[in-house]
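Enquirer: I'd like to ask you about the structure that follows.
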Amino acid sequence: MPETEVWTIGRLLAWTTEYLGRHGSESPRLDAEVLLAAARGCRRIDLYAAFEEIAPDEVRAKFRSLVRERAEGTPVAYLVGRREFFSLNFQVTPAVLIPRPETEDLVVRLLDLAKEFASESRLRVCDVGTGSGILAICAAKHLPQAEITAVDISEEALRVAQDNARRLGFSERIRFVQSDLLESLSPQDSFHLICSNPPYV
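Numbering (this note's numbering), first residue to last: 283 to 483.
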C-alpha cells in the first residue's frame, strides 16, 4: 500500500483483494471487505456506498495492520473477533475454534432429530465441547421447549460461550458446565440428544 497514492475505499478493496489472493486467502475479496469494515467500524454493506471516499489515515493504519496479520495466516474471525453463523453473530477468540461451514449441517441434523421427540414436554439436549456455544445457542433458538446443557473442559471457552449466550439472549435457556466430556455431569443427567462438533472430525 504505497503511501504516496490516494486511497479511496474502492482502491483499498481492489488492492487488498489482489494482495490477499497472492498470500493464500481462499476468499480474498470477502476478507478485504470484512477487515476494512472492521477498521472503519461499519457494516460491510456500508463500504459499497463509500467507494469514492478517501480513507482517513487512522483507518488505513488499522486496516494495514489487519491485512498484514491476515496475510501471515491469522483467520479473519480472530482478527475481527466474530463470526456469523446460522444468522447469528458469534464472538470468537483464540480460546475457541472458528465454526466450520459444515457445522451448519450438524445444526440442521440436530433440529431434524429433535422432531422425533416432539411429544416430549422438555426435550433435553447436551452439547459436548461447546466452544463458542454455537450448537447450544442454535438449539436454544430453534427448540424453545428444550433444556440445553453445554459442556467444555476449557474455562476460557465456556466464558466465550456464556458471553455469546448472554449477548444473544439465550443465557437463561442454557446450563453451562465445565467438564471433560460428560465426566462432571451427575448420574441423574440424561439427554434425548447429545451433539458434538469436535475439531478435525
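In this text, a Cβ means the ideal position worked out from N, Cα and C, and glycines have one as well.
Predicted model only: the values in this text are computed from it and were never measured.
Between the alpha carbons of Glu386 and Ser453, how many angstroms are there, rounded?
Expert: Indexing the sequence shown from 1 puts residue 386 at position 104. Indexing the sequence shown from 1 puts residue 453 at position 171. Spanning the two alpha carbons is a distance of roughly 21 Å.
Enquirer: Can you tell me the Cα-Cα spacing of Gly411 and Arg457, whole angstroms?
Expert: Locating residue 411 in the sequence shown gives position 129, where the first residue counts as 1. Locating residue 457 in the sequence shown gives position 175, where the first residue counts as 1. One C-alpha to the other measures close to 13 Å.
Enquirer: Note the first and the last residue of the continuous alpha helix (DSSP H) segment covering Arg342.
Expert: Along the sequence shown, read from residue 1 onward, the residue named residue 342 stands at position 60. Note, Arg342: alpha helix (DSSP H), 339 to 353.
Enquirer: My assumption, with CB atoms under 8 Å, is that Val390 sits in contact with Cys477. Please give the rounded CB distance.
Expert: Mapped onto the sequence shown, residue 390 falls at position 108. Mapped onto the sequence shown, residue 477 falls at position 195. About 12 Å separates the two Cβ atoms, so there is no contact after all.
Enquirer: So, at 6 Å on beta carbons, what are the nonlocal neighbours of Thr375 in its own chain, with the 5 sequence-adjacent residues on each side left out?
Expert: In the sequence shown, residue 375 corresponds to position 93, counting from 1. Hits under 6 Å: Val442.
Enquirer: How would you write the range of the beta strand (DSSP E) that Val378 sits in, first residue to last?
Expert: Reading the sequence shown from its first residue, position 96 is the one you call residue 378. Element bounds for Val378: n/a, residue is neither H nor E.
Enquirer: How would you write the range of the alpha helix (DSSP H) that Asp471 sits in, first residue to last?
Expert: As a first step, residue 471 must be located in the sequence shown, where it is residue number 189. Counting along the chain, Asp471 falls outside any alpha helix (DSSP H), and DSSP gives it neither H nor E.
Enquirer: What alpha helix (DSSP H) runs, 4 residues minimum, are completely inside the stretch 403 to 446?
Expert: Here the runs fully enclosed are 416 to 424.
Enquirer: Comparing alpha-carbon positions, which option in Thr290, Ser403, Val349 lies nearest Ile336?
Expert: On the sequence shown, position 54 is the one that residue 336 refers to. Among Thr290, Ser403, Val349, the Cα nearest to that of Ile336 belongs to Thr290.
Enquirer: Let me make sure I understand the geometry here. Which of Arg293, Glu429, Gln373, Glu300 has the alpha-carbon closest to that of Glu438?
Expert: Translated into the one-based positions of the sequence shown, residue 438 becomes position 156. Checked all of Arg293, Glu429, Gln373, Glu300; the closest Cα to Glu438 is Gln373.
Enquirer: Helix, strand or coil for Glu366? Go by DSSP, reduced to three states.
Expert: On the sequence shown, position 84 is the one that residue 366 refers to. Note: Glu366 maps to strand in three-state DSSP.
Enquirer: If you compare alpha carbons, which of Pro480, Ile380, Cys420, Leu425 is closest to Ser403?
Expert: Position 121 of the sequence shown, counted from the first residue, corresponds to residue 403. Of the listed residues, the one whose Cα sits closest to Ser403 is Leu425.
Enquirer: Quick one: measure Cβ to Cβ for Ile430 and Arg455, integer angstroms, because I've assumed they're closer than 8 Å.
Expert: Locating residue 430 in the sequence shown gives position 148, counting from the first residue. Locating residue 455 in the sequence shown gives position 173, counting from the first residue. Confirmed, Cβ separation roughly 6 Å.
Enquirer: Whose C-beta lies closer than 8 Å to the C-beta of Leu317 among residues of the same chain, with five residues either side of it excluded?
Expert: Within the sequence shown, residue 317 is the residue found at index 35, counting from 1. So the list reads Thr298, Phe345, Leu348, Val349, Arg352, Val358, Leu361, Val362, once near-sequence residues are dropped.
Enquirer: Ends of the alpha helix (DSSP H) at Val390?
Expert: Taking the first residue of the sequence shown as 1, we reach residue 390 at position 108. Counting along the chain, the alpha helix (DSSP H) containing Val390 begins and ends at 385 to 396.
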